[in-house]
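Just below is one structure, and these are the notes that go with it.
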Amino acid sequence: GFSLAGASLREMAHRSPGTSGSADPLDALSQAQAQALAPAAPALPYEVLDVIASEARSDFQRLCDTVRLTAVHVKTAQHVSCIAFLFSDGTKRTHGGVASGTWREPLCLSPGEFLTRVSGEAGELLTAVRFDTSHGRSVRYSGQGSAGGVPFELQPPSGHEILDVSSRCSSIFRTVGGLQVLTQPVASRPAPWTEASARLLCRHAPHVFGVSPPKTSSASRARSPPPPLPPFSGTG
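Note that the numbering used here has the sequence shown beginning at 9, numbered continuously upward.
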């Protein structure tokens, strides 16, 4: 069958410790990556390249299908009066009424950036709120009234990103003690296929995309090159 660096996929799966006996192209690939990336590596079989390409397509589709938080808008007056979370599918969730106030400069998240922490201070009302992102940015919004209040901090579980802030009771502005965050697994985490696999795809792109190098016949190889043009004389 097809071989990868001198051993078939099935043989590699059987040789690796802890395998069940069924050939797993991904396992075989991970074991042979070091050999396959060597300068004199043989061409990878189409089966393995197809597995890598399928993983890449699946990962891209997962990122496209996952609803992401794209921006946070905050309105302030004497206190923080409204917070709106905008999402990649065009929807938004708004906390707070239509009280007077001023919309502040929004926190717009770049591709791959997400919220890692929401914190602030609150007394009877929410006096300040701060958003920290995975890119190291920290944006704080506060009202014009007297500062102070009880500090709070909300963080997601490890490997998760914050999408929204909610309350177990009614308004997030009056029940700081019952605040919680709505989270989801980080959608921008590294794909299960490694950077080395991506390099393999690039190296063997003709095999993956069905592009074959032009074939030269024995006749064309034996054909002598055309004679050189005569030197330019400068006349005529």
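For each residue, glycine too, the CB sits at the ideal point set by N, CA and C. Here the structure is a predicted model, which means the values were calculated and not measured.
Burial state of residue i (16 or more Cβ within 10 Å)
i: D97; result: exposed
i: T124; result: buried
i: K83; result: buried
i: P198; result: Here the model assigns P198 a pLDDT of 48, short of 50, so the residue's position is not dependable, and the following value carries that caveat. By the neighbour-count rule (16 or more Cβ atoms within 10 Å), P198 is not buried but exposed.
i: H87; result: buried
i: G29; result: The predicted position of G29 is uncertain, since its pLDDT is 46 and thus under 50; a value taken from the coordinates is nonetheless stated next. Exposed.
i: S89; result: buried
i: L77; result: buried
Alpha-carbon to alpha-carbon, residue j and residue i
i: V194; j: G167; result: 6 Å
i: Q192; j: L94; result: 15 Å
i: H81; j: G128; result: 16 Å
i: D172; j: A92; result: 9 Å
i: A79; j: P114; result: 7 Å
i: S174; j: Q188; result: 5 Å
i: A157; j: G144; result: Ala is not the amino acid found at residue 157; the sequence shown has Gly there. Distance between the alpha carbons of G157 and G144 is about 25 Å.
i: S220; j: T141; result: Here the model assigns S220 a pLDDT of 49, short of 50, so the residue's position is not dependable, and the following value carries that caveat. Rounded to whole angstroms, S220 to T141 spans 45 Å at the Cα level.
i: L190; j: E132; result: 23 Å
i: T27; j: V137; result: Reliability of the predicted coordinates at T27 is poor, the pLDDT of 44 falling under 50, and the value obtained from them is presented with this limitation in mind. When rounded, the distance between both Cα atoms is 51 Å.
Paired residues, beta bridge with residue i - DSSP
i: D97; result: D97 pairs with nothing; no bridge assigned.
i: F122; result: Partner(s): none; F122 has no beta bridge.
i: H81; result: A92
i: H168; result: P193
i: S127; result: R138 and E161
i: T110; result: T84
i: R148; result: R138
i: T74; result: Answer by DSSP bridge pairing: none, since T74 is not bridged.
i: H103; result: I91
i: L115; result: V80
Pick from the options that is closest to residue i, judged by C-alpha positions
i: Y149; options: P165, V126, L171 and L162; result: V126
i: G109; options: G151, V147, G157 and P164; result: G151
i: W111; options: E121, A136 and A85; result: A85
Closer than 9 Å to chain C by CB, residue i
i: S89; result: Absence of chain C from the displayed structure is noted, only one protein chain being present.
Check: residue i C-beta below 8 Å from any heavy atom of the ligand NAP
i: G157; result: Absence of the ligand NAP is noted for the structure shown, with no ligands found whatsoever.
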